[in-house]
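Asks: Pasting in a structure now, in structure tokens, and then I'll have a few things to ask.
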Amino acid sequence: MRQYTIHHDGVTIPVSRDGEGRPLILCPGLLTTQADLRELIELLRHDFDVVSFDLRGHGLSSAGDRYSFDAFLGDFTALMAALDLPAPLLVGHSLGADLIVHYAAEHPDGFDRLVLIDGANPVPEPFITEADLPEFRAMFNDPALLQEAEQAKGTPHQILLTGPDILDLNLEIDSVRAEILDRYRKFDRPITMIMSTSMAGDSTEGRTLWRNQNWRNGVDRLVRELPHTQATWLDAGHDLLRTHASDIVRIIRGGNES
């Protein structure tokens, strides 16, 4: 394994590179670290030269003075410039998927294809409405979760974002996804979507059922409008990178061979 350090916007970002083959950049999602993706990276490295990293305020990266979408995108763009790899495959999960779509829109010739895992979805309606805010505020300020985050500081799994940081970013992602179709229209490279059937949980009632249907409606919309997009649904939750790593690698390999 080769290791690098990228410095951007006052943040230090650790980068790891492992394996042989075509270059693949793995962009993690919100609250996910390189350490969480160990199994996926181990499977991918047999076919790809895998580059992984931690987002600012995650894992072994240092804290940032802001945790906005533009801040994360700036870090990713700096990473890509530093690596300067020829036509890499870009793989992103959740927030990471949105980041690579925005990067692709600005650099339409700077990558081979995209694999979007449970993210970058042009959902018809925002996930968090005004009525949902109390529920999400309570979720992101759960004392047990805050204690767990505190205990993880200084470890490969650390998360330095606060509950309000996370909520604000989720609200911003809703706004980003409301306009993401315009980003997709700026490039025409192949897109593979790997989506979870239970993104919001496995309840068949109330807001959970609605959120999961909204998620599916967004993907159906994208596939309808962009013929170079293929979608595969996995019977999984939003943590499918951990629970379905082998399925994800199989789908990525299949697209690599086509």
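For the sequence shown, this note's numbering begins at -2 and goes up steadily by one.
Where a beta carbon is used, it is the ideal one built from N, C-alpha and C, also for glycine.
What you are looking at is a predicted structure, and each value in this text was computed from that prediction instead of being measured.
Contact check, Ile156 vs Leu34 under 8 angstroms by CB: the rounded distance?
Replies: As a working note, residue 156 is residue 159 in the sequence shown. As a working note, residue 34 is residue 37 in the sequence shown. Not a contact, Cβ separation roughly 14 angstroms.
Asks: By how many angstroms is the C-alpha of Gly89 removed from the C-alpha of Cys24?
Replies: Here residue 24 is taken as the residue at index 27 of the sequence shown, counted from 1. Here residue 89 is taken as the residue at index 92 of the sequence shown, counted from 1. Going from the Cα of Cys24 to the Cα of Gly89 covers about 5 angstroms.
Asks: Under a three-way DSSP split, which group does Ser172 fall into?
Replies: Stepping through the sequence shown from its first residue, residue 172 is reached at position 175. Three-state result, Ser172: helix.
Asks: Kindly indicate which three-state DSSP category Asp232 falls into: helix, strand or coil?
Replies: Taking the first residue of the sequence shown as 1, we reach residue 232 at position 235. Strand.
Asks: Across which residues does DSSP place Tyr1 in a beta bridge pair?
Replies: Locating residue 1 in the sequence shown gives position 4, counting from the first residue. In DSSP, Tyr1 forms a bridge with Val12.
Asks: Confirm, please, whether the CB-CB distance from Ala79 to Ile22 is below 7 angstroms.
Replies: Within the sequence shown, numbered from 1, the residue matching residue 22 stands at position 25. Within the sequence shown, numbered from 1, the residue matching residue 79 stands at position 82. Not in contact: Ile22 and Ala79 (Cβ atoms no closer than 7 angstroms).
Asks: Please identify the residue among Gln31, Asp81, Glu39 whose C-alpha is closest to the C-alpha of Leu57.
Replies: The residue you call residue 57 lines up with position 60 of the sequence shown. Checking every option, the nearest Cα to that of Leu57 belongs to Gln31.
Asks: Out of Ile249, Glu122, Thr240, Ser243, which has the shortest C-alpha to C-alpha gap to Ala228?
Replies: Here residue 228 refers to the residue found at position 231 of the sequence shown. Checked all of Ile249, Glu122, Thr240, Ser243; the closest Cα to Ala228 is Ile249.
Asks: Any contact between the region 107 to 123 and the region 211 to 223? By contact I mean 3 or more CB pairs, one from each, below 8 angstroms.
Replies: Because the criterion of three Cβ pairs below 8 angstroms is met, the region 107 to 123 and the region 211 to 223 touch.
Asks: Between the beta-carbon of Asp51 and the beta-carbon of Pro20, is there less than 7 angstroms?
Replies: On the sequence shown, residue 51 is found 54 positions in, with the first residue counted as 1. On the sequence shown, residue 20 is found 23 positions in, with the first residue counted as 1. Cβ distance not < 7 angstroms, so Asp51 and Pro20 don't count as in contact.
Asks: Is it buried or exposed, Ser255, if we count other Cβ atoms within 10 angstroms and call 16 or more buried?
Replies: Sequence index remark: in the sequence shown, residue 255 carries index 258 (1-based). Low per-residue confidence applies at Ser255: pLDDT is 40, beneath 50, and the placement is therefore not dependable, though the value from the model is reported in the following sentence. By the 10 Å Cβ count, Ser255 comes out exposed.
Asks: Inspect the beta-carbon positions of Trp212 and Met196 and report whether they are closer than 7 angstroms.
Replies: Here residue 212 refers to the residue found at position 215 when the sequence shown is read from its first residue. Here residue 196 refers to the residue found at position 199 when the sequence shown is read from its first residue. Yes, the Cβ-Cβ distance between Trp212 and Met196 is below 7 angstroms.
Asks: Here's the rule: buried if 16 or more other CB atoms are within 10 angstroms of the residue's CB, otherwise exposed. What is Leu92?
Replies: Indexing the sequence shown from 1 puts residue 92 at position 95. Buried: at least 16 other Cβ atoms inside 10 Å.
Asks: Can you name, in chain order, every residue of its own chain whose Cβ lies under 6 angstroms from the Cβ of Asp162, other than the five neighbours on each side?
Replies: Within the sequence shown, residue 162 is the residue found at index 165, counting from 1. Once the five neighbours on either side are set aside, the close Cβ partners of Asp162 are Tyr64.
Asks: Rounded to the nearest angstrom, how far is the Cβ of Pro105 from that of Phe184, given a contact under 8 angstroms?
Replies: On the sequence shown, position 108 is the one that residue 105 refers to. On the sequence shown, position 187 is the one that residue 184 refers to. Contact holds; Cβ gap of about 4 angstroms.
Asks: Along the chain, where does the beta strand (DSSP E) containing Met192 start, and where does it finish?
Replies: Here the question's residue 192 lines up with position 195 in the sequence shown. Where Met192 is concerned, the enclosing beta strand (DSSP E) stretches over 188 to 195.
Asks: What is the rounded straight-line gap between the Cα of Phe66 and the Cα of Ile125?
Replies: Your numbering for residue 66 matches position 69 in the sequence shown. Your numbering for residue 125 matches position 128 in the sequence shown. Roughly 17 angstroms separates the two Cα atoms.
Asks: Mark Asp72 as exposed unless 16 or more other C-beta atoms lie within 10 angstroms of its C-beta, in which case mark it buried.
Replies: Residue mapping note: residue 72 aligns to position 75 of the sequence shown, counting from 1. With 16 or more Cβ atoms within 10 Å of its Cβ, Asp72 is classed as buried.
Asks: Got a sec: is the Cβ-Cβ distance from Gly26 to anything in chain B below 7 angstroms?
Replies: In the structure shown, chain B does not exist; there is a single protein chain.
Asks: Looking at the strands, I want to know which residues DSSP matches up with Pro20.
Replies: What you label residue 20 is simply residue 23 of the sequence shown in a count that begins at 1. DSSP lists Asp46 as partners of Pro20.
Asks: I need the DSSP call for Ser248, collapsed to helix, strand or coil.
Replies: For the purposes of this step, residue 248 is identified with residue 251 of the sequence shown, where counting begins at 1. One point to set straight first is that residue 248 is Ile, not Ser, in the sequence displayed. Helix, per DSSP.
Asks: Measure the alpha-carbon distance for Met77 versus Glu202 and round it to whole angstroms.
Replies: Counted from its first residue, the sequence shown places residue 77 at position 80. Counted from its first residue, the sequence shown places residue 202 at position 205. Near 42 angstroms, if we compare the C-alpha coordinates of Glu202 and Met77.
Asks: Could I get the ranges of all uninterrupted alpha helix (DSSP H) runs contained in the region 131 to 164, with 4 residues as the minimum, in chain order?
Replies: If we require 4 residues or more, the alpha helix (DSSP H) runs fully inside the region 131 to 164 come out as 140 to 148.
Asks: Could you check where the beta strand (DSSP E) with Ile97 kicks off and where it finishes?
Replies: Sequence index remark: in the sequence shown, residue 97 carries index 100 (1-based). Not the beta strand (DSSP E): Ile97 falls in the alpha helix (DSSP H), residues 92 to 103.
Asks: Can you tell me whether Ala193 is buried or exposed, with buried defined as 16 or more other CB within 10 angstroms of its CB?
Replies: Within the sequence shown, residue 193 is the residue found at index 196, counting from 1. Note on residue identity: the sequence assigns Ser, not Ala, to residue 193. Classification of Ser193: buried, given that the 10 Å Cβ count is 16 or more.
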